[in-house]
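Reminder that position 53 of the sequence shown reads as 53 in the UniProt record's numbering, one-by-one numbering, no gaps.
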Amino acid sequence: MPNTDVISFSRGAPSLDIVDTEGLKAAAVAALDADPAGTTGYGTSVGYPALREWIAAKHGVNPENVLVTNGSMQADAFLFDALVRPDSPVIVERPTYDRTLLGLRERRGRLHPVRLHADGIDVDELEALLKGGVRPTLAHIIPNFQNPAGVTLSGEKRTRLLQLAGEYDFTIFEDDPYLDIRFRGEQFPTMLEQDTEGRVVYASSFSKTVCPGLRTGYLVGPADLIARIAAAATNTYIAPNMFAQATIYQFAASGALDRSIATVKAALEERVDQLAASLRAHLPNAEFVVPDGGYFLWVDLGAGVDCAKVAAAAADEGVQVVKGTDFVLEGGESCLRLAYSAVKADRIDEGVRRLAKAVESARA
Numbered sequence: 001m002p003n004t005d006v007i008s009f010s011r012g013a014p015s016l017d018i019v020d021t022e023g024l025k026a027a028a029v030a031a032l033d034a035d036p037a038g039t040t041g042y043g044t045s046v047g048y049p050a051l052r053e054w055i056a057a058k059h060g061v062n063p064e065n066v067l068v069t070n071g072s073m074q075a076d077a078f079l080f081d082a083l084v085r086p087d088s089p090v091i092v093e094r095p096t097y098d099r100t101l102l103g104l105r106e107r108r109g110r111l112h113p114v115r116l117h118a119d120g121i122d123v124d125e126l127e128a129l130l131k132g133g134v135r136p137t138l139a140h141i142i143p144n145f146q147n148p149a150g151v152t153l154s155g156e157k158r159t160r161l162l163q164l165a166g167e168y169d170f171t172i173f174e175d176d177p178y179l180d181i182r183f184r185g186e187q188f189p190t191m192l193e194q195d196t197e198g199r200v201v202y203a204s205s206f207s208k209t210v211c212p213g214l215r216t217g218y219l220v221g222p223a224d225l226i227a228r229i230a231a232a233a234t235n236t237y238i239a240p241n242m243f244a245q246a247t248i249y250q251f252a253a254s255g256a257l258d259r260s261i262a263t264v265k266a267a268l269e270e271r272v273d274q275l276a277a278s279l280r281a282h283l284p285n286a287e288f289v290v291p292d293g294g295y296f297l298w299v300d301l302g303a304g305v306d307c308a309k310v311a312a313a314a315a316d317e318g319v320q321v322v323k324g325t326d327f328v329l330e331g332g333e334s335c336l337r338l339a340y341s342a343v344k345a346d347r348i349d350e351g352v353r354r355l356a357k358a359v360e361s362a363r364a
């Protein structure tokens with residue numbers, strides 16, 4: 001009989017204990033008090049003005065370079081609609097976020113996966129593709145604590161990507177929802193900060209630093225592209241959620257966002273360290289890179305392990321995981337993505353014990 005006491009390593013969301021619900025209550029009240037008309041009205045497709053200006057200041061750009069959206073996935077969708085046509089060549093990391101693959105395949109982009117290393121995308125492999133005649137419209141890069149692999153793009157590789165984008169005339173989509181969730185190690189400059197030619201479109205989200213329920217993300221890019229996407233956004237929904245965005249703005253302006261980020265980072269560092277220790281103890285043959293931030297750890301269970309069988313056996317043990325095959329066009333059969341963000345540290349070891357039992361069951 002399946003275990004009904006479920007431990008979920010499947011979804012990249014913060015557990016409720018690290019969401020500042022009291023701060024969000026206060027921010028919602030402050031939003032209504034400060035700007036009742038703007039908070040409750042339709043607004044415009046570019047987003048809540050004060051939050052748009054706050055984001056622009058954070059990234060050192062003008063407000064016309066910013067579009068605030070209903071979550072970063074909406075930002076992704078708008079950008080893909082603007083730039084990707086049927087058979088447009090698109091560079092993606094291998095592995096990469098499964099919803100990115102879905103969105104690009106729905107638009108019939110021609111995907112060119114490039115493998116990841118512990119320091120990010122293999123730029124030599126990418127350069128070989130470019131020299132071989134591939135002319136991408138877009139390169140989708142998750143630079144910090146990549147989903148699903150947990151790795152971070154090195155400073156040197158960021159520089160090389162910008163050089164390649166200039167030489168081969170493509171846009172870098174810097175998809176960066178985990179930027180502020182570094183709990184150790186060196187913080188590298190974003191490619192957006194280093195971009196002098198308008199090659200980078202940047203996306204981020206408040207889902208990982210505040211909570212996903214407010215569904216607030218954004219794009220930063222060249223003003224003409226942002227204006228074109230804003231026109232499409234107007235036709236899509238008139239405007240995004242002003243109440244959510246006004247609440248986020250008040251949360252940030254009050255200092256609650258900085259406190260929330262500190263809380264999230266402290267909890268996630270403890271959780272990933274416990275996860276790594278438990279994997280070493282209960283699955284000693286597994287290979288993984290311990291992230292320096294973010295929500296995810298990618299584990300390779302080794303040759304001969306079928307992640308589909310492991311996931312099914314794990315579900316019977318009361319553990320939810322995501323198959324590695326979901327994040328690649330082909331391969332990934334021996335891999336799993338483990339999200340440690342929603343599991344309290346004192347539950348992680350039990351979760352990995354159950355996972356180890358599922359791995360043995362799947363091998364039998």
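Backbone N, C-alpha and C fix where the C-beta goes; we use that ideal spot for every residue, glycine too. Nothing here was measured: the structure is a model prediction, and the numbers come from that model.
When the Cα atoms are used, what is the spatial distance from residue i to residue j?
i, j, result
"Ser8", "Gly324", "16 Å"
"Asn285", "Thr159", "35 Å"
"Leu111", "Leu102", "11 Å"
"Thr4", "Ala342", "17 Å"
"Ala223", "Thr137", "18 Å"
"Tyr168", "Arg135", "7 Å"
"Ser45", "Gly155", "34 Å"
"Leu214", "Leu329", "31 Å"
"residue 411", "Glu317", "Outside the shown range of the chain, which is 1 to 364, sits residue 411, and nothing can be said about it."
"Pro212", "Gly293", "18 Å"
"residue 366", "Met73", "The shown model of the chain, from 1 to 364, leaves out residue 366, and the question about it has no answer."
"Ala262", "Pro143", "21 Å"
"Asn241", "Asn70", "7 Å"
"Ala232", "Ala203", "17 Å"
"Gly221", "Pro36", "30 Å"
"Val289", "Ala252", "32 Å"
"Ala30", "Pro86", "46 Å"
"Leu219", "Glu360", "44 Å"
"Arg99", "Glu106", "10 Å"
"Leu79", "Ile229", "7 Å"
"Glu125", "Arg115", "8 Å"
"residue 382", "Gly198", "Past the boundaries of the shown model lies residue 382; the chain is included only from 1 to 364, so the question cannot be answered."
"Gly185", "Glu270", "15 Å"
"Ala345", "Phe183", "16 Å"
"His59", "Ser207", "18 Å"
"Ile348", "Leu268", "12 Å"
"Pro177", "Ala26", "24 Å"
Which term fits residue i, buried or exposed, when burial requires 16 or more other beta carbons within 10 angstroms of its beta carbon?
i, result
"Asp326", "buried"
"Leu83", "buried"
"Gly47", "buried"
"Lys157", "buried"
"Tyr295", "buried"
"Gly38", "buried"
"Ala118", "exposed"
"Gly332", "buried"
"Thr234", "exposed"
"Pro189", "exposed"
"Asp258", "exposed"
"Gln320", "buried"
"Ala303", "exposed"
"Ala281", "exposed"
Look up residue i in the DSSP assignment and give the residues it is bridged to.
i, result
"Pro113", "Val92"
"Glu287", "Asp300"
"Gln320", "Ser8"
"Ile121", "Leu116"
"Arg337", "Trp298 and Val322"
"Phe173", "His140 and Val201"
"Leu67", "Leu219"
"Arg182", "Gly293"
Taking 8 Å as the threshold (C-beta atoms), are residue j and residue i in contact?
i, j, result
"Pro148", "Arg363", "no"
"Tyr42", "Ala246", "no"
"Ala339", "Ser15", "no"
"Tyr249", "Leu51", "yes"
"Leu283", "Leu297", "no"
"His140", "Thr96", "yes"
"Cys307", "Ser278", "no"
"Gly150", "Pro291", "yes"
"Val19", "Thr216", "no"
"Asn65", "Ala75", "no"
"Ile181", "Thr152", "no"
"residue 369", "Leu225", "Lying before the first or after the last residue shown, residue 369 is absent from the chain, which here runs from 1 to 364."
"Thr40", "Phe243", "yes"
Taking 7 Å as the cut-off, is the CB of residue i close to at least one heavy atom of the ligand COA?
i, result
"Glu197", "Absent from the structure shown: the ligand COA. Ligands present: none."
Exercise. Taking contact to mean at least 3 C-beta pairs separated by less than 8 Å, is the region 163-179 in contact with the region 308-323?
Worked result: no
Exercise. Do three or more CB pairs link the region 85-104 to the region 124-143 at distances below 8 Å?
Worked result: yes
Problem set entry | Three CB pairs or more closer than 8 Å across the region 267-281 and the region 153-169 | Short answer: they don't touch.
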